[in-house]
Amino acid sequence: MKKLLSSILMVTGTTIGGGMVLLPAVIGVYSYYSAIGILIAVWLVNTMIALIFLEANCYLPAKTSLISMSRRLLGRYGEWTAWIVCLVFLYTIMCAYTTGMTEIISGFLEKNLLHVPSSYLSILSVITISLPIYFGMTHINVFNRFIVISMFTAFFALTFFITPHIEISNLLAAPIHLPTMALPIVFTSFGFLIIIPSLRGYLNDNVKHLKISIIVGSFIPLIIYMLWVTVVIGAIPALGKDSLQTILAQSEPVKNMANVLISHTGNLQISFFIQIFILFAIASSFIGTSLGLYDFLADGLNISKSPIGKIKLLVLTFIPPLIIALTQNHLFITALGFAGLMSTILFGLYPVMLAWSGRYIHKLDTHYRVSANRSIFLLIVIFSFAVIGIELLSLKVNFFQ
Numbered sequence: 096m097k098k099l100l101s102s103i104l105m106v107t108g109t110t111i112g113g114g115m116v117l118l119p120a121v122i123g124v125y126s127y128y129s130a131i132g133i134l135i136a137v138w139l140v141n142t143m144i145a146l147i148f149l150e151a152n153c154y155l156p157a158k159t160s161l162i163s164m165s166r167r168l169l170g171r172y173g174e175w176t177a178w179i180v181c182l183v184f185l186y187t188i189m190c191a192y193t194t195g196m197t198e199i200i201s202g203f204l205e206k207n208l209l210h211v212p213s214s215y216l217s218i219l220s221v222i223t224i225s226l227p228i229y230f231g232m233t234h235i236n237v238f239n240r241f242i243v244i245s246m247f248t249a250f251f252a253l254t255f256f257i258t259p260h261i262e263i264s265n266l267l268a269a270p271i272h273l274p275t276m277a278l279p280i281v282f283t284s285f286g287f288l289i290i291i292p293s294l295r296g297y298l299n300d301n302v303k304h305l306k307i308s309i310i311v312g313s314f315i316p317l318i319i320y321m322l323w324v325t326v327v328i329g330a331i332p333a334l335g336k337d338s339l340q341t342i343l344a345q346s347e348p349v350k351n352m353a354n355v356l357i358s359h360t361g362n363l364q365i366s367f368f369i370q371i372f373i374l375f376a377i378a379s380s381f382i383g384t385s386l387g388l389y390d391f392l393a394d395g396l397n398i399s400k401s402p403i404g405k406i407k408l409l410v411l412t413f414i415p416p417l418i419i420a421l422t423q424n425h426l427f428i429t430a431l432g433f434a435g436l437m438s439t440i441l442f443g444l445y446p447v448m449l450a451w452s453g454r455y456i457h458k459l460d461t462h463y464r465v466s467a468n469r470s471i472f473l474l475i476v477i478f479s480f481a482v483i484g485i486e487l488l489s490l491k492v493n494f495f496q
């Protein structure tokens with residue numbers, strides 16, 4: 096039971112990222128009911144994709160990650176595509192986590208008249224996340240449990256301060272149109288598939304516990320997202336001065352979100368708790384993503400987890416994104432614009448392709464098969480291509496602005 100609880104919290108922590116703070120601004124302008132509807136719909140789709148990915152993983156031995164899955168089920172071209180897309184995506188996201196943690200910690204220190212070079216803080220952030228991974232799942236779970244509890248504490252403090260200022264008229268505002276353009280951001284907000292192979296090994300291939308971890312672990316973020324969207328949309332009108340629409344229209348949207356909330360609630364503590372929440376949300380996603388990349392590299396490069404092997408894996412996992420974050424930030428910012436696109440390919444199309452190949456082409460035996468037929472698989476493919484199309488359209492619009 097302890098392992099099951101730890102796995103649920105790992106899924107929850109990996110799913111909830113710092114970007115959650117801005118979800119109400121992204122989807123709230125389309126009306127409250129549209130926002131809640133898209134969250135529930137995308138959660139259902141992502142949960143099914145996760146279970147499909149679990150089926151694909153179960154066609155191979157436990158602790159098999161995406162590279163070996165792609166090699167066995169999709170061939171060499173599938174393997175190399177997985178290598179390229181996965182490394183670019185994961186390194187990009189880890190650059191974002193490193194930069195995000197550094198900026199928040201630096202901000203706290205500067206408010207207390209302490210100046211520490213950002214490079215030192217970036218290195219400290221990486222060391223803090225990498226140490227639990229070196230020592231194994233027991234230490235990872237203790238660390239993650241502390242982070243998730245701290246994150247929830249900050250979150251519920253925020254909701255406590257904002258809830259008295261909810262206005263029903265804001266929640267009942269008429270829909271403008273369906274939140275189609277927000278689909279890629281919401282889809283990415285439920286991303287945790289990279290840790291499923293790691294959890295399968297940790298849970299000793301217990302499929303029942305894996306399914307519970309996936310469903311419950313992703314359902315908790317859904318509830319958190321809906322609660323956050325409710326209190327923010329209820330407190331901030333969709334249009335006009337100091338509205339949801341103005342939050343993303345300016346630079347530094349997180350700071351702008353805090354300022355708008357303060358203007359509507361009159362509570363100066365909101366800014367502090369938003370920063371605390373974002374810090375722990377980034378840390379929880381950082382350690383989950385790092386663990387997934389760590390096991391991904393161990394599987395793909397066939398590196399054993401001996402003491403020397405662990406050091407090699409930690410270097411390969413953390414040093415490239417750290418170097419990019421410190422020296423080539425312009426490349427990272429460019430790549431970050433494609434993160435949603437790469438995420439949809441990896442965690443939308445690839446799970447279906449892998450499971451389809453194992454089930455219908457290779458006809459492999461497995462001890463777990465998700466209750467989904469060809470029609471469900473094809474609907475998810477159509478959904479994924481729709482998300483990719485919206486993402487490409489968004490990138491085109493941003494490029495020409």
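Numbered according to this note's numbering, the sequence shown spans residues 96 to 496. C-beta: ideal position from N, C-alpha, C; glycine also. It should be emphasised that the depicted structure is a prediction, and the values quoted were computed from it without experimental measurement.
### Message
Please state the DSSP three-state secondary structure of residue 158.
### Response
Position 63 of the sequence shown, counted from the start, is the residue given in the question as residue 158. Coil at residue 158, not helix or strand.
### Task
Put residue 200 into one of helix, strand or coil per three-state DSSP.
Your numbering for residue 200 matches position 105 in the sequence shown. Residue 200 sits in a helix when the DSSP states are folded into three classes.
### Query
From residue 251 to residue 209, what does the alpha carbon distance come to, in whole angstroms?
To locate residue 251, count along the sequence shown from 1; it is residue 156. To locate residue 209, count along the sequence shown from 1; it is residue 114. The straight-line gap from Cα to Cα measures roughly 29 Å.
#### Entry: Pairwise C-alpha distance: residue 107 and residue 315
Along the sequence shown, read from residue 1 onward, the residue named residue 315 stands at position 220. Along the sequence shown, read from residue 1 onward, the residue named residue 107 stands at position 12. When rounded, the distance between both Cα atoms is 7 Å.
### Straight-line Cα distance separating residue 400 from residue 101
Position 6 of the sequence shown holds residue 101. Position 305 of the sequence shown holds residue 400. Computed Cα separation, rounded: 21 Å.
### Query
Would you report the Cα separation of residue 157 and residue 363, rounded to the nearest angstrom?
Taking the sequence shown and counting its residues from 1, one reaches residue 157 at position 62. Taking the sequence shown and counting its residues from 1, one reaches residue 363 at position 268. Looking at the two C-alpha atoms, the distance is approximately 49 Å.
### Query
Around the C-beta of residue 394, are 16 or more other C-beta atoms found within 10 angstroms, so that it is buried, or is it exposed?
In the sequence shown, residue 394 corresponds to position 299, counting from 1. The Cβ neighbour count for residue 394, taken over all protein chains shown within 10 Å, is at least 16; the residue is labelled buried.
### Task
Would you check if the distance between the CB atom of residue 324 and the CB atom of residue 130 is smaller than 9 Å?
The residue given as residue 324 occupies position 229 in the sequence shown. The residue given as residue 130 occupies position 35 in the sequence shown. A Cβ-Cβ contact shorter than 9 Å links residue 324 with residue 130.
### Query
Roughly how far, in whole angstroms, is the beta-carbon of residue 421 from the beta-carbon of residue 220, given that I think they are within contact range, below 8 Å?
Position 326 of the sequence shown holds residue 421. Position 125 of the sequence shown holds residue 220. The distance from the Cβ of residue 421 to that of residue 220 is about 11 Å, inconsistent with a contact at the 8 Å cut-off.
### Query
Which class does residue 212 belong to by DSSP, given the choice of helix, strand or coil?
Within the sequence shown, numbered from 1, the residue matching residue 212 stands at position 117. Coil.
### Query
Can you tell me whether DSSP reads residue 368 as helix, strand or coil?
Residue mapping note: residue 368 aligns to position 273 of the sequence shown, counting from 1. Taken through DSSP and simplified to helix, strand or coil, residue 368 comes out as helix.
### Query
In angstroms, rounded to a whole number, what distance separates the CA positions of residue 223 and residue 163?
By 1-based counting over the sequence shown, the position of residue 223 is 128. By 1-based counting over the sequence shown, the position of residue 163 is 68. Residue 223 and residue 163 have their alpha carbons spaced roughly 29 Å apart.
### Query
Would residue 295 be called buried (16 or more neighbouring beta carbons within 10 Å of its own) or exposed?
By one-based count along the sequence shown, residue 295 stands at place 200. Note on residue 295: 16 or more other CB atoms within 10 angstroms of its CB, so buried under the neighbour-count rule.
#### Entry: Rounded Cβ spacing between residue 201 and residue 211 (contact assumed at less than 8 Å)
The residue given as residue 201 occupies position 106 in the sequence shown. The residue given as residue 211 occupies position 116 in the sequence shown. For a cut-off of 8 Å, the C-beta gap from residue 201 to residue 211 is around 7 Å, short enough to register as a contact.
#### Entry: alpha helix (DSSP H) runs contained entirely in the segment 402-486, provided each spans 4 or more residues
Entirely contained in the segment 402-486, the alpha helix (DSSP H) runs reaching 4 residues are, in chain order, 402-422, 424-431, 434-439, 445-451.
### Task
With residue 291 as the anchor, note down where its alpha helix (DSSP H) starts and where it stops.
As a first step, residue 291 is located in the sequence shown; it is residue number 196 there, counting from the start. Following the DSSP letters along the chain, one finds residue 291 inside the alpha helix (DSSP H) bounded by residues 291-297.
### Query
Once you ignore the five residues that flank residue 459 on each side, which residues in its own chain have a CB closer than 7 Å to its CB?
Translated into positions along the sequence shown, residue 459 becomes position 364. Answer for residue 459: 154, 453, listed in chain order.
### Task
Quick one: measure Cβ to Cβ for residue 482 and residue 278, integer angstroms, because I've assumed they're closer than 8 Å.
For this step, residue 482 is matched to residue 387 along the sequence shown. For this step, residue 278 is matched to residue 183 along the sequence shown. With 8 Å as the limit, residue 482 and residue 278 qualify as a contact, their Cβ atoms being about 5 Å apart.
### Task
Would you be able to state if there are at least three C-beta pairs under 8 Å between the segment 440-451 and the segment 144-154?
Touching, yes.
### Message
Please return the same chain residues whose Cβ sits closer than 6 Å to the Cβ of residue 109, not counting the five positions on each side in sequence.
### Response
Taking the first residue of the sequence shown as 1, we reach residue 109 at position 14. Excluding sequence neighbours, residue 109 sits near 287, 290, 380, 383.
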